[in-house]
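Enquirer:
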Amino acid sequence: MSSDAPRVCDGIPESPAEKARLTRRIKLLALAGALDDLGLRARIVEYTLRPSLLRCWDPGQMGRTVSVMCEPSAGPDPRWQFRHHPGEEVLADAEPVKEPADAMDAARVLALLIRP
Numbered sequence: 230m231s232s233d234a235p236r237v238c239d240g241i242p243e244s245p246a247e248k249a250r251l252t253r254r255i256k257l258l259a260l261a262g263a264l265d266d267l268g269l270r271a272r273i274v275e276y277t278l279r280p281s282l283l284r285c286w287d288p289g290q291m292g293r294t295v296s297v298m299c300e301p302s303a304g305p306d307p308r309w310q311f312r313h314h315p316g317e318e319v320l321a322d323a324e325p326v327k328e329p330a331d332a333m334d335a336a337r338v339l340a341l342l343i344r345p
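Spelled out as C-alpha cells, the structure:
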C-alpha cells in the first residue's frame, strides 16, 4: 500500500515561518529525548495561534508540570533559547541543539524544576 501524499520530511521549508516552525520542533523533540534519558516525560503541545510548548513531568510522582517553549531571542543576532512558559525566563541556550545529547544541559535544568 502506498500513498501519494508528501511526507513531512520530504520537502525543504519554503517560507521563513515554516523553517522556524520546523527548527522549533526539532529542538523541542531533542529536549524531549534528553528528558527521557533522565527518566522524565515530555509531550509537544501545539497551538495554532500560540507557541508550540513542550510539557514536561515526572511519571514517578504526582507533582509539578513545567511547560517550555523554544524561541529565538530578540536583537540583531538572534539565538534560539529554551524558555519557561508562561513568562520569558531563559532556561538554556538552544542554538546548538540538534539531537538529545546536545540538550542534556537544558534537560538537567528542567529536572531541577520538576524534581525540586
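When you read off a place in the sequence shown, starting at 1, and then add 229, the result is the number in the numbering used here.
Glycine included, C-beta positions come from ideal geometry on N, C-alpha and C.
Is the region 326-334 touching the region 254-267 in the sense that three or more CB pairs, one from each, lie closer than 8 Å?
Expert: yes
Enquirer: Within the continuous beta strand (DSSP E) that includes ARG272, where are the two ends?
Expert: 270-274
Enquirer: Does DSSP put GLU247 in a helix, in a strand, or in coil?
Expert: helix
Enquirer: Is the beta carbon of ASP334 closer than 9 Å to that of ALA321?
Expert: Result yes, Cβ atoms of ALA321 and ASP334 sit closer than 9 Å.
Enquirer: For MET333, name the three-state secondary structure that DSSP assigns.
Expert: helix
Enquirer: Starting from GLU300, trace the beta strand (DSSP E) in both directions and tell me its first and last residue.
Expert: 295-301
Enquirer: Is DSSP giving ARG254 helix, strand or coil here?
Expert: Helix at ARG254.
Enquirer: Do the region 242-254 and the region 310-319 touch if we need at least three Cβ pairs shorter than 8 Å?
Expert: Contact between the region 242-254 and the region 310-319 is absent: fewer than 3 CB-CB pairs across the two stretches fall below 8 Å.
Enquirer: DSSP state of ALA340, grouped into three classes?
Expert: Helix.
Enquirer: Using 8 Å for Cβ pairs, my map puts ARG253 next to SER281. What's the rounded Cβ distance?
Expert: 6 Å
Enquirer: Around the Cβ of PRO345, are there at least 16 other Cβ atoms within 10 angstroms (buried) or fewer (exposed)?
Expert: exposed
Enquirer: What number of angstroms, rounded off, separates the C-alpha of MET230 from the C-alpha of ASP266?
Expert: Its pLDDT being 48, under 50, MET230 is placed unreliably by the model, and the measurement read from it follows with that caveat. For MET230 and ASP266, the distance between alpha carbons rounds to 35 Å.
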